[in-house]
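J.:
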Amino acid sequence: MVGLSHRTAPVEVREKLSTSADALPEVLARLAARQELAEVMFVSTCNRVEVYGAPSGNDPEQDRAKAVRAVREVLAAHANTTERDLAPVLYEKEGDEAVRHIFRVAASLDSMVLGEPQILGQVKCAYDAATAAGALKSRLGKCVQRAFSVAKRVRTETAVGSGTVSISSIAVDLAKRVFGELGQKTVLLLGAGEMAEAAAKSLGKGARTIRVCNRSLERADKLAGAIGGVAVPWDALEVELTTADVVVVSTASRGFVITPEMVRRAMKRRRGRTLLFVDISVPRNVDPAVHGHDNVYVFDIDDLEQQVALGLESRKAEAQAAERIVAQELEQFAAQARGQNAQPVIVALRAKTKGTLMSELERSLGSRLKHLSEGDRAALVQMMESATNKLLHAPTTKLRQAAAEGDSEVIARLQELFDLPDSPTTGSDDEKTDDEVVAH
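If you're matching positions, the sequence shown starts at 9 in the working numbering and goes up one per residue.
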């Protein structure tokens, strides 16, 4: 794995490599075209750009170095810069550490906001794109699929994804605490800046109506159009307070925009209906004294940030449990991968045993047994195949177990005893699993 993220690169560097969904296939094609890479997947988000690959060739150390160099060259060209300029912000991981990294990324343990759910969807999009391009095969494909399983376990077995960690999501939680559900409620946005827009996207998902009130009616109309709301003029603010249920206040004013007298008049016309103010302005735009009115609730930025901190702390505690899941899954995946190291020897052993038996059978069928019918000949061939499968079932099981435990000496001794090649040619008939062998 070669990449950069919010941990190593500032936004001005990340944005050079960030790739839209439309442009992703082009970059992926450049990577897949490199002969040094047998498999490759390209992940690009606002906070990270990472390339996961499996090298071509039979020399692990040299092939891995060549693959890393190829990735660096493609990334540098994509960023329209040099490898030297890009080098300080890039990090590399290989083997088990690369596997651990994709597991942690998919489970949102390496995200800027611990536990955020978006990254899993982004990795799945990268996987789909690589699969569609034919850039994923067995090794890397299975690794990424396992990462999705790890993410699912982390989500279901820990609370790392629970709790709110953003101002806008906190505002939604507070509104739901006061009103229950927002389906029949009206949200008034006082201000039309970025904070107001973020809050609108969160609050507006369940609200019946969103109204935007801003000193610049043009800006109010622009935001309202973007979120499916209604723009209202600034001088209609007090009237709007009589109908709104949740008021999100985010203006550039240096003083109080919402005063106790204004709210007292509005509450009289509201006949006591509950009114919630979420003041995310700094300095505050809602006079704290407003909170003194009956059925009026005021939460300012300090209240919200305290809730954010609590949410983050709870996630950090759960992250330890999530890391244990990652460690367990990595150990299992690595053992399975090591077990596959025995496959070439198993294939060679099966081929040699079957070949020897079949050769002797053919010799007998051509001389002493040449009088047998086609049916009898077929029965003998089936008997030889069955004998091969049963004879080799226990050795192949133990070979895979030894490889999974990292015992390469057993494999080497077997190669020596049976004079087996190091890298045999494998055919589909010789790649059966132990279960398939027993079935035969």
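In this text, a Cβ means the ideal position worked out from N, Cα and C, and glycines have one as well.
These figures come from a predicted structure and were not determined experimentally.
Quick one: what's got a C-beta closer than 6 Å to Q130's C-beta in the same chain, skipping five residues either side?
T.: As a first step, residue 130 is located in the sequence shown; it is residue number 122 there, counting from the start. The answer, listed in chain order, is T53.
J.: Going by alpha carbons, who is nearest to A274 out of L425, L245, G263, D295?
T.: Translated into the one-based positions of the sequence shown, residue 274 becomes position 266. Selected option, being the one with the closest Cα: L245.
J.: Per DSSP, what kind of secondary structure is R72 in: helix, strand or coil?
T.: By one-based count along the sequence shown, residue 72 stands at place 64. Under the three-state reduction of DSSP, R72 is assigned to helix.
J.: In three-state terms, what does DSSP make of P63?
T.: Residue mapping note: residue 63 aligns to position 55 of the sequence shown, counting from 1. Looking at P63 - three-state DSSP - the assignment turns out to be strand.
J.: Report the rounded CA-to-CA distance for I266 versus D302, giving the unit in angstroms.
T.: Along the sequence shown, one-based indexing puts residue 266 at 258. Along the sequence shown, one-based indexing puts residue 302 at 294. One C-alpha to the other measures close to 16 Å.
J.: Could you give the residue range of the alpha helix (DSSP H) that holds M366?
T.: Here residue 366 is taken as the residue at index 358 of the sequence shown, counted from 1. First-last of the alpha helix (DSSP H) with M366: 351-373.
J.: Hey, quick one: how far does the alpha helix (DSSP H) through F285 stretch, first residue to last?
T.: Counted from its first residue, the sequence shown places residue 285 at position 277. No alpha helix (DSSP H) contains F285, which is instead part of the beta strand (DSSP E) from 283-287.
J.: Across the region 283-300 and the region 325-334, are there enough close Cβ pairs to call them in contact, namely three or more that are closer than 8 Å?
T.: no
J.: Decide if the region 194-202 is in contact with the region 354-363; the criterion is three or more beta carbon pairs, one per stretch, under 8 Å apart.
T.: no
J.: Inspect the CB distances between the region 150-164 and the region 331-342 and report whether three or more fall short of 8 Å.
T.: yes
J.: Please state if the CB of L45 and the CB of H86 are separated by a distance shorter than 8 Å.
T.: Start at 1 with the first residue of the sequence shown, and residue 86 comes out as number 78. Start at 1 with the first residue of the sequence shown, and residue 45 comes out as number 37. No, they are not a contact pair.
J.: Does the region 103-119 come close enough to the region 32-46 to have 3 or more Cβ pairs within less than 8 Å?
T.: Contact fails: fewer than three Cβ-Cβ distances are below 8 Å.
J.: Where V121 and A37 are concerned, what is the direct C-alpha to C-alpha distance, given to the nearest angstrom?
T.: On the sequence shown, position 113 is the one that residue 121 refers to. On the sequence shown, position 29 is the one that residue 37 refers to. When rounded, the distance between both Cα atoms is 31 Å.
J.: Quick one: residues in its chain with C-beta nearer than 7 Å to the C-beta of A343, no 5 flanking neighbours on either side, listed in chain order?
T.: Taking the sequence shown and counting its residues from 1, the one referred to as residue 343 is at position 335. Excluding sequence neighbours, A343 sits near A412.
J.: By the 10 Å Cβ neighbour count, where 16 or more other Cβ atoms means buried, how is S28 classified, buried or exposed?
T.: Locating residue 28 in the sequence shown gives position 20, where the first residue counts as 1. Classification for S28: exposed.
J.: I'd like the span of the alpha helix (DSSP H) that includes I110, first residue to last.
T.: Taking the first residue of the sequence shown as 1, we reach residue 110 at position 102. Looking at the DSSP string, the run of the alpha helix (DSSP H) that includes I110 is 103-114.
J.: What whole-angstrom Cβ distance do V256 and A207 have, given they're in contact under 8 Å?
T.: Here residue 256 is taken as the residue at index 248 of the sequence shown, counted from 1. Here residue 207 is taken as the residue at index 199 of the sequence shown, counted from 1. With 8 Å as the limit, V256 and A207 qualify as a contact, their Cβ atoms being about 5 Å apart.
J.: Taking all protein chains shown into account, decide if N66 is buried (16 or more other Cβ within 10 angstroms of its Cβ) or exposed.
T.: One-based indexing of the sequence shown puts residue 66 at position 58. Result: exposed.
J.: Is DSSP giving G319 helix, strand or coil here?
T.: Residue 319 sits at position 311 when you count from the first residue of the sequence shown. It is helical.
J.: With 16 as the cutoff for other CB atoms within 10 Å, does S381 come out buried or exposed?
T.: Taking the first residue of the sequence shown as 1, we reach residue 381 at position 373. By the neighbour-count rule (16 or more Cβ atoms within 10 Å), S381 is not buried but exposed.
J.: Which residues mark the beginning and the end of the beta strand (DSSP E) in which I218 is found?
T.: By one-based count along the sequence shown, residue 218 stands at place 210. 217-222 is the extent of the beta strand (DSSP E) around I218.
J.: Under three-state DSSP, which class holds V168?
T.: Walking along the sequence shown from the start, residue 168 turns up at place 160. DSSP places V168 in coil when its eight states are reduced to three.
J.: Can you tell which of R262, L377, P352, A359 has the C-alpha that lies nearest to the C-alpha of A420?
T.: Locating residue 420 in the sequence shown gives position 412, where the first residue counts as 1. Of the residues R262, L377, P352, A359, the one whose Cα lies closest to the Cα of A420 is P352.
J.: Kindly provide the ranges of any alpha helix (DSSP H) runs that are 4 or more residues long and lie completely inside the region 191-274, ordered along the chain.
T.: 202-211, 225-235, 245-249
J.: Just how far apart, CA to CA, sit M392 and A356?
T.: Indexing the sequence shown from 1 puts residue 392 at position 384. Indexing the sequence shown from 1 puts residue 356 at position 348. Cα to Cα, the separation comes out at about 17 Å.
J.: Between the alpha carbons of N397 and H14, how many angstroms are there, rounded?
T.: Sequence index remark: in the sequence shown, residue 397 carries index 389 (1-based). Sequence index remark: in the sequence shown, residue 14 carries index 6 (1-based). Those two C-alpha atoms are separated by around 53 Å.
J.: Please go through the same chain and pick out, in chain order, the residues whose beta-carbon is closer than 7 Å to the beta-carbon of P429, but skip the five residues on each side of it.
T.: Mapped onto the sequence shown, residue 429 falls at position 421. Cβ neighbours of P429 beyond the five flanking positions: A356.
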